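Asker:
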C-alpha cells in the first residue's frame, strides 16, 4: 500500500517540495505461476503477477524502494513515463546500474507535467519474458478538466504474447544466435483465459490497455460493445468510436466502454495476434453484475493480416486540441508544425549475421552493452566506454552490419525529424525513453523528402511508441528539450536484446540544474564508475 506524506524530505532535494510524496516498497522474487496452465518460474512483485499498479497524480513525487531477491541483477524501467532532466533513473542498463542480488535501490521519480496510461517492466536479461511488469496510471490534478465524464470504474488491462518456456532458456537461444519460435499464447492480466472485469449495466468504464508482450501486435475487442478512444500515452485524443483496436508492442491506450447491453449474459473480451498467419486468441470476461448466464458461442472475430485497416486507424488518431493536458492550458497550444526542423535522422532496421550469430542493427550498427552504464561514463568523463557518433544518422548503402556501443549525438533544444524506415515484411514498433514525439506521417513504400507534403502539422498525436508497417515508413517530430542519455529501441524484445537499439545523447555544454538534475545521492555505481563519489 502507498501512503502520502506532504512534508519535504531533506534527502530528496531534486524533487518538487510543493507536491505530495507517495512511497512504495516492492519485493521482487521468483515464484510459481501458471499463465498458460503450465507451471513456470515467474517474476513477482510483492507476490503478484502481474505486479501492482503504480498510482499517482500529475507532479507527484514517487519513491519506490525495490528489494531484489532474485539470484541475478535486476532493473525496472518506466515505459512512457518521461523522467524530466533525470535519465539516471531511467532504469535501462545504458543509464542505470542494476540492483545486485540481495540488495535494494530506491527509485526517485516525479510524474512531472504528465497524465495518462503507461506501464513498467524489467529491462535486463530477458526478464520481461518472466513477468515483473505492471500498469502505471497518472491521474489529472483536481480542478484540471478532463474531456469526458468521470467513469464509474477504471481497469488496467495488460495484454501480451507469452512463452511457456523459461525466460533463461529463451535468453540462451538468443545468445546462441538463434531466433525464438512463435509464442505459445496471449495473456490478459497474466492469464491465458479467465480474467474477468465486473461492470454494472448502464455505467461507463475506462480500460487502460497496454501491450506488454515481447513481439506481436495485438487486436483488442469486446463482444457486443463499442469503445471510445480517449487517451494515448498521456495525450487526450479526438474521441472516436471503434469496434476493435490495434495495440502494437509497447503501446498504451485508454478507451471508454459503456455497459449498455442486456444483462442476460456475460460478454467476451477477445485479444488476437495481428498480421500473423497463425492466429493466437485469448479471452477474458466482461461480467455484468446481474447477468443471468455465462458467455456463450464463439468470441468475436477480428482482423488478422490486413495492413490497410490498421494503417487507416493509426492515421485517424489525433490530439484533442480543445482538451487540457496536465496544466489548464489547451494541450494543442504547442504549434509544432510551425517550427523549423534543424536535422533529419533516418533510422532503418536491418537483420544480419555477425560471427555466425543472428544480430539486428540500426543504420548498420548492432548495439553491444558496455561494461559501464553510458550515462555514468558520460557524467564522470570515463573514456573508452562509448564513442559519440558511433552510429550514423542515415542508413548506409551496404547491407553489412557491425557491432558497437552505438551513441548518437544530439543538441539540446534542437527540433528534429526522425524517419523510421522499415524495409522488412514485419511490423516494427519503436520507443524513445524520456520523450513524447509527434507522429506526423506514416505510409507504405519508401520515404522521400516529397513525403513531407502529407504530414499532419496541426493535430498529430504525441506519444512515445509508434509502429512502422511492413515495407513502410513513419515520421516523427521531436523537440529535444530533455538533457540526458536516452534509449531509442525496438519493442520487438528479441531484436532489442540482439542489438536493435541505440542511445541518443542530448547534450548541452552548460551544466545547470535547470537543464539536468545532478546524479542522485543514492545512485548505484558499477563497472568503471565503481568507487566514484556521488
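Residue numbers (mature numbering (1 follows the signal peptide of the UniProt record, and there is no 0)): -17 to -1, 1 to 517.
For every residue, glycine included, the Cβ atom is placed at its ideal position computed from N, Cα and C.
What you are looking at is a predicted structure, and each value in this text was computed from that prediction instead of being measured.
To the nearest whole angstrom, what separates the beta carbons of residue 301 and residue 158, a pair I think is in contact under 8 Å?
Answerer: Not quite, the Cβ-Cβ distance comes to about 43 Å (not below 8 Å), so this is no contact.
Asker: Quick one: grab the DSSP three-state call for residue 321.
Answerer: Note: residue 321 maps to helix in three-state DSSP.
Asker: Check residue 105 in the structure and name its three-state DSSP category.
Answerer: If DSSP states are grouped into helix, strand and coil, residue 105 belongs with the strands.
Asker: Using CA coordinates, which residue listed in 228, 273, 470 is at the minimum distance from residue 250?
Answerer: For the residues 228, 273, 470, the minimum Cα distance to residue 250 belongs to 273.
Asker: What would DSSP say about residue -16, mapped onto helix, strand or coil?
Answerer: With a pLDDT of only 37 at residue -16, under the threshold of 50, the placement of this residue in the model should not be trusted, and no figure is reported.
Asker: DSSP three-state label for residue 116, please.
Answerer: Coil.
Asker: Helix, strand or coil: which one does DSSP assign to residue 2?
Answerer: Looking at residue 2 - three-state DSSP - the assignment turns out to be coil, as it is neither helix nor strand.
Asker: Return the chain-ordered ranges of every beta strand (DSSP E) run that is complete within the segment 122 to 157 and spans a minimum of 3 residues.
Answerer: Within the segment 122 to 157, the complete beta strand (DSSP E) runs of at least 3 residues are 136 to 145.
Asker: With DSSP as the reference, identify every bridge partner of residue 469, one or two as the case may be.
Answerer: Paired residues: 487.
Asker: Just checking, does the segment 82 to 91 make contact with the segment 167 to 176 on the three C-beta pairs under 8 Å criterion?
Answerer: No: the two stretches stay apart, fewer than three of their Cβ pairs being nearer than 8 Å.
Asker: Which ranges would you report for the alpha helix (DSSP H) in the segment 196 to 256 if only whole runs of at least 4 residues count?
Answerer: Here no run is fully enclosed.
Asker: Does the Cβ of residue 276 have 16 or more other Cβ atoms within 10 Å, making it buried, or fewer, making it exposed?
Answerer: By the 10 Å Cβ count, residue 276 comes out exposed.
Asker: Beta-carbon within less than 6 Å of residue 293's beta-carbon, same chain only, minus the 5 sequence neighbours each way: which residues are those?
Answerer: 229, listed in sequence order.
Asker: Going along the chain, which residues of its own chain have a beta-carbon closer than 7 Å to the beta-carbon of residue 203, five neighbours each way excluded?
Answerer: So the qualifying residues of the chain are 142, 192, 227, 228, 230, 254.
Asker: For residue 73, name the three-state secondary structure that DSSP assigns.
Answerer: Correct three-state label for residue 73: coil.
Asker: Considering only their Cβ atoms, is the gap separating residue 397 from residue 512 smaller than 8 Å?
Answerer: No, the Cβ-Cβ distance between residue 512 and residue 397 is not below 8 Å.
Asker: Against chain C, with Cβ distances strictly below 8 Å, would residue 422 count as a contact?
Answerer: Among the protein chains of the structure shown there is no chain C, as only one such chain exists.
Asker: Should residue 439 and residue 424 be called a contact, given that it needs their Cβ atoms to be closer than 8 Å?
Answerer: Yes.
Asker: Pick helix, strand or coil for residue 297, following the three-state DSSP scheme.
Answerer: Residue 297: helix per DSSP, three-state reduction.
Asker: In its own chain, which residues sit with a C-beta less than 8 Å from the C-beta of residue 20, not counting the 5 before and 5 after it?
Answerer: Closer than 8 Å at the Cβ level, and outside the excluded window around residue 20, lie 175.
Asker: In terms of residues, what are the limits of the alpha helix (DSSP H) holding residue 477?
Answerer: From DSSP, the alpha helix (DSSP H) with residue 477 extends over 476 to 480.
Asker: Cα separation between residue 388 and residue 91?
Answerer: Their backbone Cα atoms lie some 27 Å apart in a straight line.
Asker: I need the straight-line Cα distance from residue 430 to residue 345, nearest angstrom please.
Answerer: Cα to Cα, residue 430 sits roughly 17 Å from residue 345.
Asker: Which ranges would you report for the alpha helix (DSSP H) in the segment 259 to 299 if only whole runs of at least 4 residues count?
Answerer: Taking only runs of at least 4 residues, the alpha helix (DSSP H) segments lying wholly in the segment 259 to 299 are 290 to 299.
Asker: From residue 98 to residue 128, what does the alpha carbon distance come to, in whole angstroms?
Answerer: So the alpha carbons of these two residues sit roughly 12 Å apart.
Asker: Considering residue 27, what are the terminal residues of the beta strand (DSSP E) in which it resides?
Answerer: From DSSP, the beta strand (DSSP E) with residue 27 extends over 23 to 28.
Asker: Do residue 149 and residue 31 have their C-beta atoms closer together than 8 Å?
Answerer: No, the pair does not count as a contact, with Cβ atoms beyond the cut-off.
Asker: Using the C-alpha atoms, what's the distance from residue 187 back to residue 246?
Answerer: For residue 246 and residue 187, the distance between alpha carbons rounds to 15 Å.
Asker: Of all the beta strand (DSSP E) runs that stay within the bounds of the segment 384 to 439, which reach a length of 3 or more residues?
Answerer: Within the segment 384 to 439, the complete beta strand (DSSP E) runs of at least 3 residues are 385 to 387, 389 to 394, 398 to 405, 411 to 415, 420 to 427.
Asker: Looking at residue 78 and residue 356, is the spacing between their C-beta atoms short of 8 Å?
Answerer: Taking 8 Å as the Cβ cut-off, residue 356 and residue 78 qualify as a contacting pair.
Asker: Using a 10 Å radius around the Cβ and a threshold of 16 neighbouring Cβ atoms, would you call residue 168 buried or exposed?
Answerer: Counting Cβ neighbours within 10 Å, residue 168 comes out buried, since at least 16 surround it.
Asker: So who's on the other strand from residue 334, going by DSSP bridges?
Answerer: Answer by DSSP bridge pairing, in chain order: 343.
Asker: Ends of the alpha helix (DSSP H) at residue 360?
Answerer: Where residue 360 is concerned, the enclosing alpha helix (DSSP H) stretches over 357 to 362.
Asker: So who's on the other strand from residue 92, going by DSSP bridges?
Answerer: Paired residue(s): 45.
Asker: How is residue 99 classed by DSSP in three states: helix, strand or coil?
Answerer: Reduced to three states, the DSSP call for residue 99 is strand.
Asker: DSSP puts residue 194 in a beta bridge; with which residues?
Answerer: BP columns for residue 194 point to 142.
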